[in-house]
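Working notes, structure below.
In the UniProt record's numbering, the protein residues as written are 1 to 136.
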């Protein structure tokens, strides 16, 4: 419930203050484990910073702290903690997250002719039912 005289926008902006900065110039997040290290050759998958390999424990902490409704806050905090690329295992699903669009562009350009993408079953069922293209 909002206090009288307080606009919805100010409440939303106040809730996002840890992620907003007046001089923010893009997704440049450093100061995490592994952030700022650069090599000329690819590093192993296990070298990507991660909160841990126990997917069920990670899922428990994720649901307890932020839940699925605030996944973007969780991801921003993880980028600030681990750097511009991090991996996370939630349950049985392991994902790699990339914040910099340039890094994502490099990744997509190196995929090859037959990339493999994770398909979320309810999302696929919706698109098939309404005859929509699956997309990327």
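All C-beta atoms in this analysis are idealised placements derived from N, C-alpha and C, irrespective of residue type, glycine included. For clarity, every value in this text was computed on a predicted model and none was experimentally measured.
What residue from the options has the CA that sits closest to residue i's CA?
i, options, result
"residue 100", "126, 84 and 49", "84"
"residue 76", "116, 120, 98 and 135", "98"
"residue 86", "126, 52 and 127", "52"
"residue 116", "48, 108 and 103", "108"
"residue 48", "102, 123 and 78", "78"
"residue 80", "50, 111 and 113", "50"
"residue 45", "134, 103 and 96", "96"
"residue 57", "124, 93 and 121", "93"
"residue 42", "72, 70, 106 and 71", "106"
Assuming residue i contacts residue j (C-beta within less than 8 Å), just tell me the rounded distance between them.
i, j, result
"residue 55", "residue 89", "4 Å"
"residue 91", "residue 59", "5 Å"
With a threshold of 7 Å on Cβ separation, who are the neighbours of residue i within its own chain once the five nearest residues in sequence on each side are excluded?
i, result
"residue 132", "none"
"residue 62", "74 and 90"
"residue 103", "84 and 85"
"residue 124", "134"
"residue 9", "Only weak support exists for where residue 9 lies, its pLDDT of 44 falling under 50; the value from the coordinates is given anyway. So the list is empty, once near-sequence residues are dropped."
Residues in its own chain within less than 8 Å of residue i by CB, not counting five upstream and five downstream?
i, result
"residue 65", "74"
Taking 6 Å as the limit between beta carbons, can you name the residues of its chain near residue i, skipping five residues before and five after?
i, result
"residue 113", "none"
"residue 27", "For residue 27, the predicted structure reports a pLDDT of 45, less than 50, and the residue's modelled location is therefore unreliable. A value from the coordinates is still provided. Hits under 6 Å: 99 and 100."
Query raised in the report: What beta strand (DSSP E) runs, 3 residues minimum, are completely inside the segment 36-79?
Result: Listed in chain order, there is nothing to give.
Query raised in the report: Which runs of the beta strand (DSSP E) spanning at least 3 residues fall entirely within the segment 77-123, listed in chain order?
Result: 85-90 and 93-98
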